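Trainee:
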Amino acid sequence: MLRRTRVHPALPVLALLAIACSGPRDAAPGASAGAPRVITDIGSDTMVNLALAWAEAYVAARPEVRLSVTGGGTGTGITALINGTADIANASREMKKEEVAEARAKGVEPKEHVVARDAIAIIVHKSNPVARLTIRQLSDIYAGKISNWREVGGDDRPIVRLSRETNSGTHVFFLEAVVRRGDKKDKTLLSTDTLLLPSSEGITAEVVQNPNAIGYEGLGYVTEEMKVVAVSKGDDGPFVMPSADTVDDGRYPIARDLYFYTRGEPQGPLGDYIRWVLGGDAQRIVRQLGFVPVN
Amino acid sequence: MARTRHPFEAAIEAIIRLSGYSAIIFVALISLFLLREGLPAFGEVPLASLFGARWYPIEGFYALGPLIWGSLVVTVGAALFAVPLGVAAAMFIAEVAPRWLREILKPLVEILAGLPSVVLGFLGVVVLVPAIRESLGLPTGLTALTGSLLLAGMALPTIVSVAEDALDAVPSAYKIGSLALGASRWQTLWRVTLPAARTGVLTAIMLGIGRAIGETMAVMMVTGNAPVVLLGPQALVAPVRTMTATVAAEMGEVARGSVHYHVLFTVGLVLFAISFVVNVLASMVLLKRRAASGRMLS
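Top to bottom, those sequences are chains A and B.
The first sequence runs 2 to 296 under the working numbering.
The second sequence runs 24 to 321 under the working numbering.
1. Output needed in chain order: residues of the region 73–86 of chain B with a Cβ under 7 Å from some Cβ in chain A.
2. Could you tell me the distance, in whole angstroms, from the CA atom of residue 254/A to the CA atom of residue 137/A?
3. When DSSP builds the beta bridges, which residues end up paired with residue 124/B?
4. Between the region 70–87 of chain A and chain B, which residues of the former have CB atoms less than 8 Å from a CB of the latter, in chain order?
5. Counting only Cβ pairs nearer than 7 Å, list the residues of chain A close to residue 243/B.
6. Residue 131/A and residue 230/A: beta carbons closer than 8 Å?
7. Here's a check: name, in chain order, each residue in its chain whose Cβ is nearer than 7 Å to the Cβ of residue 100/B, leaving out the five neighbours to either side.
8. Select from 251/B, 31/B, 79/B and 32/B the residue whose C-alpha is nearest the C-alpha of residue 273/B.
9. Which class does residue 104/B belong to by DSSP, given the choice of helix, strand or coil?
10. So, is the C-beta of residue 30/B closer than 8 Å to a C-beta in chain A?
11. So which residues of chain A does residue 247/B contact, with C-beta pairs closer than 7 Å?
12. For the candidate residues 122/A, 205/A, 259/A and 77/A, whose alpha-carbon lies nearest to that of residue 100/A?
13. Our contact map puts residue 245/B next to residue 176/B with C-beta atoms below 8 Å; I'd like the distance itself, whole angstroms only.
14. Here's the rule I'm using: 16 or more other beta-carbon atoms within 10 Å means buried, otherwise exposed. How should residue 112/B be labelled?
15. For residue 163/B, decide whether its Cβ has a neighbour in chain A, counting only Cβ atoms nearer than 8 Å.
16. What residues of chain B sit near residue 190/A, judged by a beta carbon separation below 9 Å?
17. Could you work out which residues of chain A lie near residue 148/B, taking near to mean beta carbons separated by less than 7 Å?
18. Evaluate residue 36/A with the Cβ neighbour count: other Cβ atoms within 10 Å of its Cβ, from every protein chain shown; 16 or more gives buried, anything less gives exposed.
19. Below 8 Å, how does it come out for the region 286–295 of chain B and the region 180–200 of chain B: are there three or more Cβ pairs, yes or no?
20. With residue 257/A as the anchor, note down where its beta strand (DSSP E) starts and where it stops.
21. Who are the neighbours of residue 272/B on chain A, taking C-beta pairs under 7 Å?
22. Classify residue 302/B as buried or exposed, calling it buried when 16 or more other Cβ atoms lie within 10 Å of its own Cβ.
23. Can you list, in chain order, the stretches of the alpha helix (DSSP H) that have 4 or more residues and sit fully within the region 25–106 of chain B?
24. Return helix, strand or coil for residue 120/A, following the three-state DSSP convention.
25. Where residue 229/B and residue 204/B are concerned, what is the direct C-alpha to C-alpha distance, given to the nearest angstrom?
26. Does the distance from the C-beta atom of residue 309/B to that of residue 225/B stay below 8 Å?
27. Kindly say whether residue 287/B, judged by its beta-carbon, lies nearer than 8 Å to any beta-carbon of chain A.
28. Using the rule of at least 16 other Cβ atoms within 10 Å of the residue's Cβ for burial, across every protein chain shown, is residue 267/B buried or exposed?
29. Would you tell me roughly how many angstroms separate the C-alpha atoms of residue 42/B and residue 30/B, rounded to the nearest one?
30. Give me whichever residues DSSP pairs with residue 147/A in a beta bridge.
31. Taking just the CA atoms, how far does residue 219/A sit from residue 31/A?
32. Residue 133/A lies in the alpha helix (DSSP H); which residues open and close that run?
33. Run through DSSP, which three-state label would residue 63/A get?
34. Which class does residue 218/A belong to by DSSP, given the choice of helix, strand or coil?
35. Keeping to the same chain, check which residues put their C-beta closer than 8 Å to that of residue 162/B; ignore five residues upstream and five downstream.
In structure tokens:
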């Protein structure tokens, strides 16, 4: 009787200890400065599949290196970089002025590396007859000035605007490059009735089943079940479909750079990794995943 | 043997007492933490912005109104579906259904309660969203109504199971007495059994609604998350953004200690305050009724 009661309370305590020990052991190495043994890579959800594919290929060739990749969003990655819990921040937008200032206040000089490019595709339902839109029309649609597909040459249907959540780097890029058409002084906001969906999958699901919907997504997320709209920068064309080639030669207007940020000039194994990412093998993976290689 | 048991029992007693107090300590710590992180927002954001009409945090628009409205619409909508259906189902299982059917229905309801909300949310996106858009002729199926239906589905098992227990616990002397006085089965159920079990039924409703207002994932997947306020019945078929979905979607990206971070804690504070008030009101009603019925019986 006594024996049993003594064993019982000990078990959960032991279990808790085991959990407590495993937590810090995984988290600590990434935090140490200098040459890390484990390279910790945190950030953009757009880039998480790409970062994972790179890490797998790199580790397969160099088993002595350990790489840990996590998503969570561009903002999360940059915060982690500044706080020292990540060695690389994946970012689908440039660092904001406030973020750079915060990093410098903590003695960190962020170093930017353009590691890939990405086209933002404008997607609609398969049955939608609209095949081309200008940036100005897109801006008017998302600002709430155009609310019926008839006004842009489609059927008499209401337009349901879909967007990623405001924490997404893609959202911020879309707001600046499309809704405000690159004008820094423009303070246009997305129409309040724009549906803010928490993931790319949410946008896919709605565009695939709703003939009224319009959405935007990284080219890597586009599937056969939806229709991609050709976009033109000027008001009368030329209208261009997104692809690696049209992004490469600068004809597709809604393209952005994808970044790695590091604390200062990367040294040791981290520097080796970033040189590899910019090289031929890694950039072939970029193309396979539907992104656009750099140079 | 007796000597060794004494200190052991004292220790057990202390542990039990500590567990009892811990509930109070946790609530106190949580509210302190929420206040510490949420109150600075009132100094950092102008009140005109907090009580404005627009929520767009990356450009400094922090209106709480549309979010509170969103949670309210979805929760009231869920209650409209779940309460009548849940209480009726409980009445059927407890009083009308034959024994064998009851024995099948009760465990089935309890299995339903264990469904993870993400699974329900996924079903909502795939099945409910297109169905609502097509059947009601709406521009999109991502509406408050979709969220309400899902939440009702989540609140139902709780309401049915707790209310059924309450109805079952009504002394059979009440029912037999009522039937002996010539009342029909329906009159007995509606005017004797249900009023006698009202405290339990009310608890069931509160627990169900409590689950509905705090639910996040499923709601975030199907309500469209657009922070718009439409007054009137059309609010139910328009997209809404709830407080829980806002915190869940934005907290992960926000810089610690920023204005946006503090405002999100203010949203949490409002949510906490609402559920606190609802709980206090419910227990006040329960205590009052218990006191009244106590007098009546003595």
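We put the CB at the ideal spot given by N, CA and C, even for glycine.
Predicted, not measured: the structure shown is a model, and the values here were computed from it.
Mentor: Answer, in terms of the structure:
1. Contact annotation: in the region 73–86 of chain B, residues whose CB is within less than 7 Å of a CB in chain A are 77, 79, 80, 81 and 82.
2. Your numbering for residue 254/A matches position 253 in the first sequence. Your numbering for residue 137/A matches position 136 in the first sequence. Whole-angstrom Cα-Cα distance: 12 Å.
3. Looking up residue 124/B in the second sequence gives position 101. Per DSSP, none; premise fails for residue 124/B.
4. Cβ contacts with chain B come from 73, 74, 75, 76, 77 and 80.
5. Locating residue 243/B in the second sequence gives position 220, where the first residue counts as 1. By Cβ distance, chain A contributes 199.
6. One-based indexing of the first sequence puts residue 131/A at position 130. One-based indexing of the first sequence puts residue 230/A at position 229. Residue 131/A is a Cβ neighbour of residue 230/A, given a cutoff of 8 Å.
7. Along the second sequence, read from residue 1 onward, the residue named residue 100/B stands at position 77. Excluding positions up to five away in sequence, the list reads 167, 168, 171 and 259.
8. Here residue 273/B refers to the residue found at position 250 when the second sequence is read from its first residue. Checking every option, the nearest Cα to that of residue 273/B belongs to 79/B.
9. For the purposes of this step, residue 104/B is identified with residue 81 of the second sequence, where counting begins at 1. In the displayed model, residue 104/B falls within a helix according to three-state DSSP.
10. One-based indexing of the second sequence puts residue 30/B at position 7. Judged by the 8 Å Cβ criterion, residue 30/B is not in contact with chain A.
11. As a working mapping, residue 247/B is identified with position 224 in the second sequence. Result: 196.
12. To locate residue 100/A, count along the first sequence from 1; it is residue 99. For the residues 122/A, 205/A, 259/A and 77/A, the minimum Cα distance to residue 100/A belongs to 77/A.
13. Within the second sequence, the letter at position 222 stands for residue 245/B. Within the second sequence, the letter at position 153 stands for residue 176/B. Here residue 245/B is actually not in contact with residue 176/B; their C-beta atoms are around 11 Å apart, not less than 8 Å.
14. Position 89 of the second sequence, counting from 1, holds the residue named residue 112/B. Only buried fits residue 112/B, as 16 or more other CB atoms lie within 10 angstroms of its CB.
15. The count along the second sequence starts at 1 and reaches residue 163/B at position 140. Taking Cβ atoms only, chain A reaches closer than 8 Å to residue 163/B, which makes this a yes.
16. The count along the first sequence starts at 1 and reaches residue 190/A at position 189. Think of a sphere of 9 Å around the beta carbon of residue 190/A: the chain B residues whose beta carbon falls inside it are 77, 79, 82 and 84, in chain order.
17. As a first step, residue 148/B is located in the second sequence; it is residue number 125 there, counting from the start. Per Cβ cutoff of 7 Å: 206.
18. Taking the first sequence and counting its residues from 1, one reaches residue 36/A at position 35. Unreliable positioning characterises residue 36/A in this predicted model, as indicated by a pLDDT of 48, which lies under 50. The coordinate reading is nonetheless provided below. Residue 36/A counts as exposed, since fewer than 16 other beta carbons sit within 10 angstroms of its beta carbon.
19. Taking 8 Å as the limit for Cβ pairs, the verdict is that the region 180–200 of chain B does not touch the region 286–295 of chain B.
20. Start at 1 with the first residue of the first sequence, and residue 257/A comes out as number 256. Element bounds for residue 257/A: 256–264.
21. Numbered from 1 along the second sequence, position 249 holds the residue referred to as residue 272/B. Below the 7 Å Cβ cutoff, chain A contributes 166, 168 and 199 as neighbours of residue 272/B, in chain order.
22. Taking the second sequence and counting its residues from 1, the one referred to as residue 302/B is at position 279. With fewer than 16 other Cβ atoms within 10 Å, it is exposed.
23. Counting only runs of 4 or more, we get 25–61, 63–67 and 70–73.
24. Translated into the one-based positions of the first sequence, residue 120/A becomes position 119. Residue 120/A: strand per DSSP, three-state reduction.
25. Mapped onto the second sequence, residue 229/B falls at position 206. Mapped onto the second sequence, residue 204/B falls at position 181. The straight-line gap separating the alpha-carbon atoms of residue 229/B and residue 204/B is approximately 34 Å.
26. One-based indexing of the second sequence puts residue 309/B at position 286. One-based indexing of the second sequence puts residue 225/B at position 202. Closer than 8 Å, so yes.
27. What you label residue 287/B is simply residue 264 of the second sequence in a count that begins at 1. Taking a beta-carbon distance threshold of 8 Å, residue 287/B does not count as an interface residue toward chain A.
28. Mapped onto the second sequence, residue 267/B falls at position 244. Counting Cβ neighbours within 10 Å, residue 267/B comes out buried, since at least 16 surround it.
29. Counting from 1 along the second sequence, the entry for residue 42/B is found at position 19. Counting from 1 along the second sequence, the entry for residue 30/B is found at position 7. Computed Cα separation, rounded: 18 Å.
30. Residue mapping note: residue 147/A aligns to position 146 of the first sequence, counting from 1. Paired residues: none, contrary to the question.
31. Working through the first sequence from its first residue, we reach residue 31/A at position 30. Working through the first sequence from its first residue, we reach residue 219/A at position 218. Reliability fails at residue 31/A, whose pLDDT of 39 lies under 50, so the model's placement of it is uncertain and no value is given.
32. Numbered from 1 along the first sequence, position 132 holds the residue referred to as residue 133/A. Here residue 133/A belongs to no alpha helix (DSSP H); instead the beta strand (DSSP E) covers 133–135.
33. Locating residue 63/A in the first sequence gives position 62, where the first residue counts as 1. Residue 63/A: coil per DSSP, three-state reduction.
34. As a first step, residue 218/A must be located in the first sequence, where it is residue number 217. When secondary structure is reduced to three states using DSSP, residue 218/A falls in the strand class.
35. To locate residue 162/B, count along the second sequence from 1; it is residue 139. Around residue 162/B: 156.
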